[in-house]
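From first to last, the protein sequence lines stand for chains A and B.
Yeah, the first sequence ends on 112 if you go by the numbering used here, and it's all consecutive.
Yeah, the second sequence ends on 114 if you go by the numbering used here, and it's all consecutive.
Glycine residues also receive a C-beta, built at the ideal position from the N, C-alpha and C atoms.
Here the structure is a predicted model, which is why all the values come from computation and not from measurement.
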Amino acid sequence: DGGITQSPKYLFRKEGQNVTLSCEQNLNHDAMYWYRQDPGQGLRLIYYSQIVNDFQKGDIAEGYSVSREKKESFPLTVTSAQKNPTAFYLCASSIPSTVGAFFGQGTRLTVV
Amino acid sequence: AQSVTQLGSHVSVSEGALVLLRCNYSSSVPPYLFWYVQYPNQGLQLLLKYTSAATLVKGINGFEAEFKKSETSFHLTKPSAHMSDAAEYFCAVSEDTGFQKLVFGTGTRLLVSP
């Protein structure tokens, strides 16, 4: 079945450590996105990529980095510069011919 | 800049009652509008979308929404609530035709009581 796989589902890290969240899709979608979800704030766009080897900052990119070396993969690194990294992270993908994005199941990151 | 306002962070209904979740948008161009549903610790599932075709859009699980340009609204309704409808609902807007950079509202949690 086609879909978006995010791993791990739960992630715990110590403060000051970098951590990488995985996002893989087998939908052959061109565009991929990372959103951050906090209670009462909806979803906010961190980074997005329309094609391989190219990506753009979203609304809250500070403290995050991404790469897009393959069409199916868009990993997100939460760096130590991110001041409040504890959140639910959602990856999504889309294609121009279909209006609407498809979402993965999310990764809940807790920094202790 | 585009934006979305969802009135009411929580809405409570009884099973069998009408569900009405409100969404107002702001956009400088004809928008694409979406409703997504999220169950606890899950990703988002697309309920329905408006793409400038019919103003009344039917989605999954018996939900529908009506695009009203004069009111800049896209409210979500369901005639009869079911216990399984209890979840968080997000309205979103996009102005992009090529790819879907979405702007989300803050969400409305629907509570359904027996």
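Residue burial classification, residue i (beta-carbon count within 10 angstroms, cutoff 16)
| i | result |
| --- | --- |
| residue 46 of chain A | buried |
| residue 85 of chain A | buried |
| residue 94 of chain A | buried |
| residue 119 of chain B | Past the boundaries of the shown model lies residue 119 of chain B; chain B is included only from 1 to 114, so the question cannot be answered. |
| residue 94 of chain B | buried |
| residue 85 of chain B | buried |
| residue 40 of chain A | exposed |
| residue 80 of chain B | exposed |
Spatially closest choice to residue i from the options, by CA coordinates
| i | options | result |
| --- | --- | --- |
| residue 51 of chain B | B:96, B:15, B:86, B:13 | B:96 |
| residue 110 of chain A | A:6, A:8, A:13 | A:13 |
| residue 32 of chain B | B:67, B:42, B:113 | B:67 |
| residue 11 of chain A | A:101, A:82, A:87, A:61 | A:87 |
| residue 107 of chain A | B:13, B:20, B:44 | B:44 |
| residue 19 of chain B | B:77, B:106, B:101, B:84 | B:77 |
| residue 34 of chain B | B:114, B:16, B:58 | B:58 |
| residue 72 of chain B | B:25, B:53, B:106 | B:25 |
| residue 29 of chain B | B:16, B:69, B:23 | B:69 |
| residue 68 of chain A | A:25, A:2, A:43, A:89 | A:25 |
Contact check, residue i vs residue j, beta carbons under 8 Å
| i | j | result |
| --- | --- | --- |
| residue 91 of chain A | residue 6 of chain A | yes |
| residue 104 of chain B | residue 92 of chain B | yes |
| residue 2 of chain B | residue 27 of chain B | yes |
| residue 111 of chain B | residue 9 of chain B | no |
| residue 21 of chain A | residue 102 of chain A | no |
| residue 71 of chain A | residue 52 of chain A | yes |
| residue 89 of chain B | residue 46 of chain B | no |
Helix, strand or coil at residue i [DSSP, three-state]
| i | result |
| --- | --- |
| residue 24 of chain B | strand |
| residue 38 of chain A | strand |
| residue 80 of chain A | coil |
| residue 62 of chain B | helix |
| residue 85 of chain B | helix |
| residue 72 of chain B | coil |
| residue 17 of chain A | coil |
| residue 108 of chain B | strand |
Contacting residues, own chain, Cβ-Cβ under 8 Å from residue i (five flanking each side not counted)
| i | result |
| --- | --- |
| residue 23 of chain A | 4, 5, 6, 32, 34, 73, 74, 75, 76, 91, 104 |
| residue 64 of chain B | 48, 56, 57, 58, 76, 77, 78 |
| residue 101 of chain B | 94 |
| residue 18 of chain A | 77, 78, 79, 80 |
| residue 112 of chain A | 12, 13, 14, 15 |
Beta-carbon proximity list for residue i, same chain, < 7 Å, skipping 5 on both sides
| i | result |
| --- | --- |
| residue 61 of chain A | 46, 47 |
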